[in-house]
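Have a look at the structure below, then the notes.
There are 2 protein chains.
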Amino acid sequence: MHILITGAAGMIGRKLTGRLAKDGELHGRQIDKLTLLDVVPPTPASNFAGRTAMIAADLATPGEAARAVEGRPDIIFHLAGVVSGEAELDFDKGYRVNLDGTRALLEAIRATRDGYRPRLVYTSSIAVFGAPFPDTIPDDFHLTPLTSYGAQKAIGETLLADYTRRGFCDGVGIRLPSIVVRPGKPNKAASGFFSGIIREPLAGLEAALPVPETVVHTHASPRAAIGFLMHAAGLARDALGARINLSMPGVCCTVAEQIAALQRIAGKRVVARIRRQHDPLVARIVDGWPQRIEARRARELGFKAESSFDEIVRIHIDEDRGGTFVD
Amino acid sequence: MHILITGAAGMIGRKLTGRLAKDGELHGRQIDKLTLLDVVPPTPASNFAGRTAMIAADLATPGEAARAVEGRPDIIFHLAGVVSGEAELDFDKGYRVNLDGTRALLEAIRATRDGYRPRLVYTSSIAVFGAPFPDTIPDDFHLTPLTSYGAQKAIGETLLADYTRRGFCDGVGIRLPSIVVRPGKPNKAASGFFSGIIREPLAGLEAALPVPETVVHTHASPRAAIGFLMHAAGLARDALGARINLSMPGVCCTVAEQIAALQRIAGKRVVARIRRQHDPLVARIVDGWPQRIEARRARELGFKAESSFDEIVRIHIDEDRGGTFVD
């Protein structure tokens, strides 16, 4: 089996590459080849027995998408994209990468016209939803994004569903909740504090909490996200039906519950490194975000998230901190 | 005031042009200029006191959209598009006209960068919805189109909302129900019979009914559609909020109720010209269509449809048949 990962140099892309390389198989089929694509050259998987091809390319550049599917990958994980903050700051870049890049990939697949019909797993986001929301967002809630990123993801979902309905590809769209705890340095994303208030205190550093502890949000670990992607790759077409874009499950909790989980696992000294520092701008942005995602269909289809925020904290300590933290 | 109508040569375009020309004003402002754009040269309005400009152009062709907004129309009615059947048969043409054409128009407006921010009234369709449905489709129901036309309209709505949110234009999207009675010859649209079973009998001709009389559907007259467009042009931005795409109201009724209305107005001899001729293909297609549209927000915002199918029949006799029919 040949697998293509676009956006392979990103956080999820790197973790997915590592996992597939280690497993050497997916849903019982041996992985012979991994093609890793990104605008920056991706890191090859160190422990992979099969062949690896690297492509440094922007899918929106004419000809690049055709090159990406030249080897007819059986499964494509389409993770490439400009993130929320950047898509809002640079309107043209967001539409070029997130919309034109996705459309170019779909068109390149359609252009093969040789019966090629890969499973295409598309990473969408709960940013396709926009406030006001009901208490819990059901699977049939309308998409009224309040960011250009969310709009581009919603359009990508619609294209994916139409290309799939027409038989040009075999798509599954998965709407990821906030992925927490993101390893690495703090970034400027408005959602950054959801990871920061866990990651920084565990590293012995202070972290600012810019919103009230009553804020509710839905989270999943990077490990759960990789699990969603791999599970989507193996879903039977007839189990999916026509509605191929699915809200993923996650742990719905308040910031206070996040902090309580951290204290249970790492103690009071760690939790004391969280500084309450209200930021009205961040608080306003977060106010427009989805809170509780129902994800009934995804759960019924076997997608699994963590069952508590404690688990999410433990996964971070285990995967990204070698099992330890700064007490 | 300067008004641009794209798709001005179509059925709705012609009726809207005629109405605006006759009124000579819209929401209390005098119409100085009408620009009529279509791929085929549109017919000028005969009784218009202001200036009329004609543009024969395809908005998806580079440079044409810029030419269309060169005169900075205050209001744009964007009706241009490939219809449902054609978009399904010719995938490339549907995406080029319905998606690329709409995006080109939005980009041309954004490219002016001189503070130009026209009211853009976009005609969407209830084809953005796809079965299965609840009994009544609420305003917050998700968009899962089951045709390429519906997908293209859903994408157009998303683009319109994002360009509006970013301040590049001032958009309102209106999802039209089935427009009945369409004047003229029968066409091959699967929905054609909804008009045909009224129009043909009134003209002394037989009409085939391919579906059971229990089929429920939502209808509005061409006159109501023109009313929706004109009302949308005058809606206050703050009354609309962020959710600018609205399902329009209509008359929800069964085919049996349509026929009963025809009989009340035109008598038994006219109704006897309807032949029951089951067509499993048409019946299956119609089965996937929205039935009852709630349109609560649109009604609250003052959009008005007919209150009975009788009215729809009378409007057809009045507008398209000079007040008479073949008994």
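Going down the list, the protein sequences come from chains F and E.
Using my numbering, the first residue of the first sequence is number 7, and each one after it goes up by one.
Using my numbering, the first residue of the second sequence is number 7, and each one after it goes up by one.
C-beta atoms are modelled at their ideal positions from N, C-alpha and C, and glycine is treated no differently.
- In the DSSP assignment, T118/F falls within the alpha helix (DSSP H) that extends over G107 to T118.
- In the three-state reduction of the DSSP assignment, H284/F falls in the coil class.
- Scanning G91/E, I18/E, I82/E and E300/E for the CA closest to the CA of V187/E turns up I18/E.
- If you keep only unbroken beta strand (DSSP E) runs of at least 3 residues inside the region 23-51 of chain F, you get 39-44.
- With a cut-off of 8 Å on Cβ pairs, the region 63-72 of chain E is not in contact with the region 30-37 of chain E, counting fewer than three such pairs.
- Counting only Cβ-Cβ distances below 7 Å, I161/E has contacts in chain F at I161 and T164, in chain order.
- In this structure, I318/E sits away from T164/F, with a CB-CB distance that is not shorter than 8 Å.
- The beta carbon of R181/F does not come within 8 Å of any beta carbon belonging to chain E, so the residue lies off that interface.
- Residues of chain E whose Cβ lies closer than 9 Å to the Cβ of F315/F do not exist, since the nearest Cβ in that chain is about 28 Å away.
- Taking the Cα positions, I321/E is about 22 Å away from R298/E.
- Secondary structure note for G233/F: it is in no beta strand (DSSP E), and the uninterrupted alpha helix (DSSP H) holding it is P228 to G240.
- Pairing I203/E with I271/E gives a Cβ-Cβ distance that is not under 8 Å.
- Contact between S227/F and A267/F fails: their C-beta atoms lie close to 12 Å from each other, not under 8 Å.
- In the three-state reduction of the DSSP assignment, V261/F falls in the helix class.
- For L152/F, the closest Cβ of chain E is nearer than 8 Å.
- Minimum Cα-Cα distance from I280/E among the listed residues L111/E, V217/E and K194/E corresponds to V217/E.
- Here V88/E is buried. Its C-beta has 16 or more other C-beta atoms within 10 Å.
- Rounded to whole angstroms, the Cβ separation of P151/F and D80/F is 31 Å, and the two are not in contact under 8 Å.
- For A117/F, no Cβ of chain E is located within less than 8 Å of the residue's own Cβ.
- In this chain, R188/E is not harboured by any alpha helix (DSSP H), its DSSP state being neither H nor E.
- Between the region 221-241 of chain F and the region 255-264 of chain F, the count of Cβ pairs shorter than 8 Å is three or higher; the stretches touch.
- Considering only beta carbons, the part of the region 135-147 of chain F lying closer than 7 Å to chain E consists of G136, D146 and F147, in chain order.
- Three or more pairs of CB atoms, one per stretch, sit closer than 8 Å, so the region 162-182 of chain F contacts the region 244-254 of chain F.
- Interface with chain F (8 Å Cβ-Cβ cutoff): D106/E is excluded.
- If you compare the alpha carbons of G210/F, P183/F and V277/F with that of A231/F, the shortest gap goes to P183/F.
- Rounded to the nearest whole angstrom, the C-alpha separation of D146/F and Y169/F is 21 Å.
- Residues of chain F whose Cβ lies closer than 7 Å to the Cβ of L149/E are, in chain order, H148 and L149.
- Interface residue (Cβ-Cβ distance to chain E less than 8 Å): A245/F is not classified as such.
- By the Cβ rule, the region 93-104 of chain F does not count as touching the region 83-97 of chain E, because fewer than three pairs are nearer than 8 Å.
- In the displayed model, V292/E falls within a helix according to three-state DSSP.
- Here R270/F carries a helix assignment [DSSP, helix/strand/coil].
- In the DSSP assignment, F83/F falls within the beta strand (DSSP E) that extends over I81 to H84.
- Within its own chain, the residues whose Cβ lies closer than 7 Å to the Cβ of L26/F, once the five positions on either side in sequence are excluded, are I9, L32, I37 and L40, listed in chain order.
- The C-alpha of A14/F lies about 17 Å from the C-alpha of G190/F.
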